[in-house]
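Everything on this sheet refers to the single structure shown next.
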Amino acid sequence: MDSEGAAELAVTVKHRPPLASVRRGQASVVHLKDQWFIAATSRELGKKPLATSLFGTPIVLFRNRQGTPGALLDSCPHRNVPLSLGQVSEDGSLRCAYHGWCFDTAGACTFIPSLTGPPEAKARRAFAFPTREQQGFVWVYSTPSQGEEEPAKQPYHFERMGTPGYGTVTQVVEADGTLYSTIENALDVPHTAFLHKGLFRSASRGITITAKVHRSADRAIAEYVGEPRPPGIVAKVLSPSGGVVTHFDRFILPSIAQVEYSIGSENHILVDSAMTPLSDFRTRIYSVVSFRTRVPHALIRTLIKPLALRIFRQDAFILKKQSESINLLGGEQFASTEIDVLGRHIWRLLRAAERGDTAGGDEHAEIELLV
Amino acid sequence: MDSEGAAELAVTVKHRPPLASVRRGQASVVHLKDQWFIAATSRELGKKPLATSLFGTPIVLFRNRQGTPGALLDSCPHRNVPLSLGQVSEDGSLRCAYHGWCFDTAGACTFIPSLTGPPEAKARRAFAFPTREQQGFVWVYSTPSQGEEEPAKQPYHFERMGTPGYGTVTQVVEADGTLYSTIENALDVPHTAFLHKGLFRSASRGITITAKVHRSADRAIAEYVGEPRPPGIVAKVLSPSGGVVTHFDRFILPSIAQVEYSIGSENHILVDSAMTPLSDFRTRIYSVVSFRTRVPHALIRTLIKPLALRIFRQDAFILKKQSESINLLGGEQFASTEIDVLGRHIWRLLRAAERGDTAGGDEHAEIELLV
Amino acid sequence: MDSEGAAELAVTVKHRPPLASVRRGQASVVHLKDQWFIAATSRELGKKPLATSLFGTPIVLFRNRQGTPGALLDSCPHRNVPLSLGQVSEDGSLRCAYHGWCFDTAGACTFIPSLTGPPEAKARRAFAFPTREQQGFVWVYSTPSQGEEEPAKQPYHFERMGTPGYGTVTQVVEADGTLYSTIENALDVPHTAFLHKGLFRSASRGITITAKVHRSADRAIAEYVGEPRPPGIVAKVLSPSGGVVTHFDRFILPSIAQVEYSIGSENHILVDSAMTPLSDFRTRIYSVVSFRTRVPHALIRTLIKPLALRIFRQDAFILKKQSESINLLGGEQFASTEIDVLGRHIWRLLRAAERGDTAGGDEHAEIELLV
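Residue numbers (our numbering), protein chains in the order written: chain A, 7 to 377; chain B, 7 to 377; chain C, 7 to 377.
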């Protein structure tokens, strides 16, 4: 009986509310059904099963004999041992490590060692999630298959990946933040001047710019008008010669955060961050950075990774501390201002998607910010 | 306020269901009243108090002046400090480390330092559990004593321990599995070919054998008929010369898993595993292996321990992963087939024992398995 | 998906009661509103914000430009990131690390980078707790401010601190015990002979002494009459020449445990332990030891710290084990005797204070103890 056991049971001793009121039990967490999320890069998924999760639900990925990825609930229907401990057999079925039950990518039980009768039975099916493999990523649908029906929607397509004249850098990181907080963070302008001081922008130069916001059924877009060329390192690298800045931030359901920058006519950078909610407070970020610039692409590639990682580490630290704070207080209480430009639209779209609803009619707004 | 604290409180933030349905909050956990379980080996319990637990309840064992073991709730009635932190005083009472209150094996408070009046009072009694010491084990009854009444039942007797011509090896191990899963694992035939590949049996030889199952009020027995001599290492060690195989698997309430093998008339091996549910997901296994064979007993002894440990480590790993999976999903969902020969009978007997009921009338069945 | 995640979710699998009955979910935990507690020493609180907690609620301390301490809920009203990760800006406001929102000691939001409009708004206020700084300690009130109103009560005043002829030693330690258990432990006489054997008193010398107890509205006092000069080390140090012993133990709401000893007319020692409930099972103890004796004060100082720490470590170990036991059993069940002299009065006063009530009329009692 070690102290770990004690800690686990401690929760049965009555909790008391904190001294200052917060929304108890509430956190900006959504569970989105019927949506596609990236579960792995194509490269990661080889001959071995790969364990991951979606909204806290454990999922095992594997490839059948044709190389097509399958995604099953990572729990054998027989005795609930993780299927990811097993192996892919020669016929491309996933074999459980405990009793050797085998499953195909549709979740059907195809073999039970020692059994004289047929292996297939409804109760022996593993929950199977639809999959798609495209542009180097394995996508998983967040609702298990019902019979033969296939999802009507398709996964997100990275627009500039492979476009002639564009270079692409892909990066995978994880943060201890909710899906909502991680998306908002990726599209939030005001924190860049502060948290990432020196990297993007430094203290305000007293310039007022305008954010034109438009929320429609599946997305929210902010166009920043009047933005000066940023003084930070990023801008210097991208556009040594300056030029007019065009800047769009977009949230696209279910989980794409897109930042698009043009400086002059020569430089164009598109950062797509496809977020995967591993669990309520852990989000994986698949970033696809596509760029067109006169600067040699090899140089850009060399510069982007360490810079992006430095920015990301600062964000990840804050998101982790935010999650800890919310959990410590047993809930959250957010206050916003108009310069949390996309925050409330992201939340509204996510909540509507969780209900299987739409976020209401289009909305337009113009917001002023000091930069 | 470190992150551990945060993790502990995290549970107050609302949980959401997993993507695929499982029996929420359900796990094959039973709490059995009025039953005997081994709490320690006689050897382990010396002059110092010994902490253990039963169904998650902390229990302290100690010996009084006569050497008779006592078992008390490991929490002083005074201020709930674990009594196992204390010492056995010269008069054989257990003395708490905090204020020095003393208790006898019946749980009566026999001394309170500084108190002028009599120490005994009903509210100052420690919960005491009946104990028995036999065959080198200290057994504890899973219900505290009420007055003088003694349990009608007696602990299990290891039949071949000490029988002339038999050798015995005892082994104690622990697994992160429920009582049910650990018992089923110990008596499950199909997984041996798979999880323990090479140790017992390898891939199927296409031989059909029959399991004759009989469940009565307190036990379930499977007799395996037509079983060929196993090709694995275990069989070679036990019976170099071959012979007809007789194989019985028995579950005996509350927690004995018994495997009996005879090969020819010379070789007889009886493996009794007395399971002790330390907590809902941790089970200690006291294995008593009795054997009669022409092979020198000293050699058998030398071979059994490492072999048994190797098998056990594989099982323990799977049981731990099974428990993690069930807890991660917040519940379990088991699908069975007829070749889970004893599984459903074990569960039915355990559940009936938990209700203080019997499992219904006798049941007989014949099941075919491929080996 | 590591095993930590599994442990966190494990609580959703149904709990079952322990084998022996305890008060489920009950623990001697109180949350006291409208009370002053020490949050830090004046020295600790410099130019950097300092994180602490009160009843599990995270609190950040900082000093404004005048050096006056502020105490805010350690969670930015904006996105709930701990404010203690931020910095104190040049104007003495506390600036959040994420978006740079600034707050004054009253909790008002004084600056939001990038915002064109006024920063102040009710929803953007941080919860602020009244503070006082006196005698080298920063006190925090356990209820957030409502408007301009100031608490009617004042923090406790350490009576002999700075009195001519007195020396003072201050010490800060923490124990994994509830506020109640830690206070009772500090004022409990019987355990000293047992847990701290040799340091205070050894085995009983068969002397009967009397404790005169008096509980009034805000305190409980025990005067020990007839106490012989203690034989232990402590007494020898304090009073090499002997003399009549006067001994008072006092609990003063909300959380002062006071032990006062005089030996003869020359030696006087007053130990004030101001307890701060960091969380339900963690209590910080600010001890102020004031003494007047012929022994050189420098020598006393040198002796007190290691002695007090040795005693404290024994107490802290027991309190930690008590807390673990209560949490493991999911509740507590305390049995008391009359020689738990102040225990029930402490609990009654704490419970009354939690209800915002008084503990009923005065109570007097005389209790005999063997020492």
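Virtual Cβ for every residue (Gly too), placed ideally from N, Cα, C.
| Query | Result |
| --- | --- |
| Inter-residue spacing [alpha-carbon to alpha-carbon] between A:Phe133 and A:Leu78 | 6 Å |
| Beta carbon of B:Leu335 nearer than 8 Å to that of A:Ser81 | yes |
| DSSP-derived helix/strand/coil call for B:Gln160 | coil |
| Per-residue contacts from B:Gln32 into chain A (C-beta, under 7 Å) | Simply none; closest approach about 11 Å. |
| Residue environment, B:Val17, which counts as buried when at least 16 other CB atoms sit within 10 Å | Interpretation of B:Val17 is limited by its pLDDT of 41, a score under 50 that renders its predicted location unreliable; the figure taken from the coordinates is listed afterwards. With 16 or more other Cβ atoms within 10 Å, it is buried. |
| Closer than 9 Å at the beta carbon, the chain A residues around B:Pro4 | The requested residue 4 of chain B is not part of the displayed model; chain B covers only 7 to 377. |
| Extent of the continuous alpha helix (DSSP H) run through B:Gly349 | Gly349 to Arg361 |
| B:Leu121 versus A:Pro23: straight-line alpha-carbon distance, rounded | 40 Å |
| Near-chain A residues of the stretch 76-104 of chain B (beta-carbon distance less than 7 Å), N- to C-terminal order | none |
| Nearest residue (CA-CA) to C:Tyr267, options C:His37, C:Leu259, C:Val250 and C:Leu56 | C:Val250 |
| 8 Å Cβ cutoff met for C:Val381 and C:Leu185 | In the structure as shown, chain C starts at 7 and stops at 377, and residue 381 of chain C therefore has no counterpart that could be examined. |
| Between the CA atoms of C:Asp40 and C:Arg256 - distance to the nearest angstrom | 21 Å |
| Closer than 8 Å to chain B by CB, C:Phe340 | yes |
| Residue closest to B:Tyr162, alpha-carbon to alpha-carbon, out of B:Gly123, B:Pro75 and B:Leu259 | B:Leu259 |
| Within 8 Å, strictly: CB atoms of A:Pro75 and A:Val28 | no |
| Boundaries (first-last residue) of the alpha helix (DSSP H) holding A:Thr198 | Pro196 to Leu201 |
| Contacts that C:Thr137 makes with chain A (C-beta to C-beta distance below 8 Å) | Residues of chain A passing the Cβ test: none, with the nearest at roughly 14 Å. |
| First through last residue of the beta strand (DSSP E) which encompasses A:Arg85 | No beta strand (DSSP E) contains A:Arg85, which DSSP labels as neither H nor E. |
| Own chain, CB closer than 7 Å to C:Val87, minus 5 neighbours either side, in chain order | Cys102, Ala103 and Tyr104 |
| Beta strand (DSSP E) segments (min. 3 residues) lying fully within the stretch 64-142 of chain B | 75-79, 115-117 and 137-140 |
| Chain C contacts from the stretch 127-158 of chain B (Cβ-Cβ distance under 8 Å) | Ala127, Ala129, Arg130, Phe133, Phe135, Ser148, Thr149 and Pro150 |
| Chain-order list of residues whose beta-carbon lies under 6 Å from that of B:Ala322 (same chain, five-residue window excluded) | Ala181 |
| Simplified DSSP assignment, three categories, for B:Ser222 | coil |
| CB contact flag (B:Ile324, B:His202, <8 Å) | no |
| Whether B:Thr174 touches B:Ser296 by CB criterion (8 Å) | yes |
| Inter-residue CB distance, C:Thr299 and C:Glu272 (contact presumed, cutoff 8 Å) | 6 Å |
| Among B:Phe61, B:Thr111 and B:Arg131, nearest to B:Pro55 - alpha-carbon criterion | B:Thr111 |
| For A:Arg211, the three-state DSSP class (helix, strand or coil) | coil |
| Among B:Phe287, B:Gly52, B:Thr216 and B:Glu139, the one whose alpha carbon lies nearest that of B:Glu330 | B:Phe287 |
| Rounded C-alpha distance that separates A:Arg207 from C:His84 | Note that A:Arg207 has pLDDT 48, beneath the 50 cutoff, so the model's placement of it is unreliable and the number below is only indicative. Each residue's Cα considered, the two are about 21 Å apart. |
| Closest residue to A:Glu154 among A:Met167, A:Gly142 and A:Phe135 (Cα-Cα distance) | A:Phe135 |
| CA nearest to the CA of B:Gly62, picked from B:Thr282, B:Phe117 and B:Asp278 | B:Thr282 |
| Per-residue burial, A:Gln152 [other beta carbons within 10 Å of its own, 16 or more giving buried] | exposed |
| Selection of the stretch 49-68 of chain A by Cβ proximity to chain B, strictly under 7 Å | Leu60, Phe61, Gly62, Thr63 and Pro64 |
| is_contact[B:Val36, chain A] using C-beta, thresh 8 Å | no |
| When B:Arg354, B:Ser48, B:Pro124 and B:Arg319 are compared against B:Gln141, the one with the closest alpha-carbon | B:Ser48 |
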